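Chemist: Please find one structure pasted underneath; my questions will follow.
Residue numbers (this note's numbering): 17 to 288.
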């Protein structure tokens, strides 16, 4: 099998960015899905679409820099609604993110065509090979902040994930933790639009986390297995995409699903 293409800088940047983003989404996915918010990734990707469209409408050189705070605000708004009651979180999320997506469609239609424009197909389905040097630095910066936050707050995040009320009684600022977690998730989702697009990005959040829960026995174990699955899925996806000329994002998602199926089969066959 010819892997010589991996010596090309475009493929190197794409592989590094894909592995980092997939690992981050897997890690955050473990924390989010344990809170019963598996659908959040899909909603945030729709909000990110609106944020990117807003950046292009405003003529910003790097639309992702507009999309990150836009999506983070949407995520924190959902978190606030969830904590304070009122509308059910899934209803509030469906309304807010549908509005964000609709606004994005309008702004994308009205945006002036420039060299910084995202192609609508790239927004929907992604193209990781278009990751440039600046994009990679943004991804690495987001990764550094996310890893630092999770390492610093891991114990409190674990308590808040399993029992919010007990965490509050223990003096943990659950609201602040959740807001910070959702803001970081929003930033990672926005960056991952390049990888898989609006349509598929939620798969990177949910599938590795589900596989981690099958194999892991502690929250840290679940996170470790999920991140490993995410990175391996990206590597396999790149090889399959190049071999069969498939879209990279779709190939990676299929490999993640295959790894999940393998984890389920291994769990059933493993002696208890």
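Glycine included, C-beta positions come from ideal geometry on N, C-alpha and C.
All figures in this text were calculated on a predicted structure; none of them were measured in a lab.
(1) Taking C-alpha atoms, which residue in 281, 279, 61 and 252 lies nearest to residue 267?
(2) Label residue 186 either buried or exposed according to how many other C-beta atoms from any shown protein chain fall within 10 Å of its C-beta, with 16 as the threshold for buried.
(3) Does the structure place the stretch 202–210 close enough to the stretch 61–70 that three or more beta carbon pairs sit under 8 Å?
(4) Taking Cβ to Cβ, would you say residue 247 is nearer than 8 Å to residue 61?
(5) Please identify the residue among 74, 144, 50 and 64 whose C-alpha is closest to the C-alpha of residue 29.
(6) When you compare the CB positions of residue 256 and residue 243, do they come within less than 8 Å of one another, or not?
(7) Taking 8 Å as the threshold (C-beta atoms), are residue 162 and residue 40 in contact?
(8) In whole angstroms, what separates the C-alpha of residue 166 from that of residue 173?
(9) Does the count of Cβ pairs from the stretch 212–231 and the stretch 277–284 closer than 8 Å reach three?
(10) Buried or exposed for residue 95, going by 16 or more other Cβ atoms inside 10 Å?
(11) From the DSSP output, in three-state form, read off residue 153 for me.
(12) Name the two residues that bound the continuous alpha helix (DSSP H) containing residue 137.
(13) For residue 202 versus residue 84, is the C-beta distance shorter than 8 Å?
(14) Which residue's Cα is closest to the Cα of residue 52: 222, 284 and 273?
(15) What separation, rounded to the nearest whole angstrom, lies between the Cα atoms of residue 194 and residue 44?
(16) Along the chain, where does the alpha helix (DSSP H) that runs through residue 144 open and close?
(17) Spatial neighbours of residue 180 within its chain, please: C-beta separation below 6 Å, excluding the five flanking residues on both sides.
(18) Could you work out which residue in 24, 31 and 138 is closest to residue 250 when comparing CA atoms only?
(19) Can you give the Cα-Cα distance for residue 97 and residue 148, rounded to whole angstroms?
Modeler: Reading from the atomic positions:
(1) Taking the chain shown and counting its residues from 1, the one referred to as residue 267 is at position 251. Considering only alpha carbons, the answer is 252.
(2) To locate residue 186, count along the chain shown from 1; it is residue 170. So residue 186 counts as exposed.
(3) yes
(4) Here residue 247 refers to the residue found at position 231 of the chain shown. Here residue 61 refers to the residue found at position 45 of the chain shown. For residue 247 and residue 61, no; Cβs fall outside 8 Å.
(5) Here residue 29 refers to the residue found at position 13 when the chain shown is read from its first residue. The shortest Cα separation from residue 29 among 74, 144, 50 and 64 belongs to 144.
(6) Working through the chain shown from its first residue, we reach residue 256 at position 240. Working through the chain shown from its first residue, we reach residue 243 at position 227. No, Cβ-Cβ distance for residue 256 and residue 243 is not below 8 Å.
(7) Here residue 40 corresponds to residue number 24 of the chain shown, with the count starting at 1. Here residue 162 corresponds to residue number 146 of the chain shown, with the count starting at 1. Yes, the Cβ-Cβ distance between residue 40 and residue 162 is below 8 Å.
(8) Numbered from its first residue, the chain shown carries residue 166 at position 150. Numbered from its first residue, the chain shown carries residue 173 at position 157. Computed Cα separation, rounded: 8 Å.
(9) yes
(10) As a working note, residue 95 is residue 79 in the chain shown. Buried: at least 16 other Cβ atoms inside 10 Å.
(11) On the chain shown, residue 153 is found 137 positions in, with the first residue counted as 1. Three-state result, residue 153: helix.
(12) Residue numbering aside, residue 137 sits at position 121 when the chain shown is read from its first letter. Counting along the chain, the alpha helix (DSSP H) containing residue 137 begins and ends at 136–141.
(13) Within the chain shown, residue 202 is the residue found at index 186, counting from 1. Within the chain shown, residue 84 is the residue found at index 68, counting from 1. The answer is yes: Cβ separation under 8 Å.
(14) As a first step, residue 52 must be located in the chain shown, where it is residue number 36. The option with the nearest alpha carbon to residue 52 is 222.
(15) Taking the chain shown and counting its residues from 1, the one referred to as residue 194 is at position 178. Taking the chain shown and counting its residues from 1, the one referred to as residue 44 is at position 28. Answer to the nearest angstrom: the Cα atoms are 11 Å apart.
(16) Working through the chain shown from its first residue, we reach residue 144 at position 128. No alpha helix (DSSP H) contains residue 144, which DSSP labels as neither H nor E.
(17) Your numbering for residue 180 matches position 164 in the chain shown. So the list reads 190, once near-sequence residues are dropped.
(18) As a working note, residue 250 is residue 234 in the chain shown. The shortest C-alpha separation from residue 250 is found at 31.
(19) Here residue 97 corresponds to residue number 81 of the chain shown, with the count starting at 1. Here residue 148 corresponds to residue number 132 of the chain shown, with the count starting at 1. Answer to the nearest angstrom: the Cα atoms are 37 Å apart.
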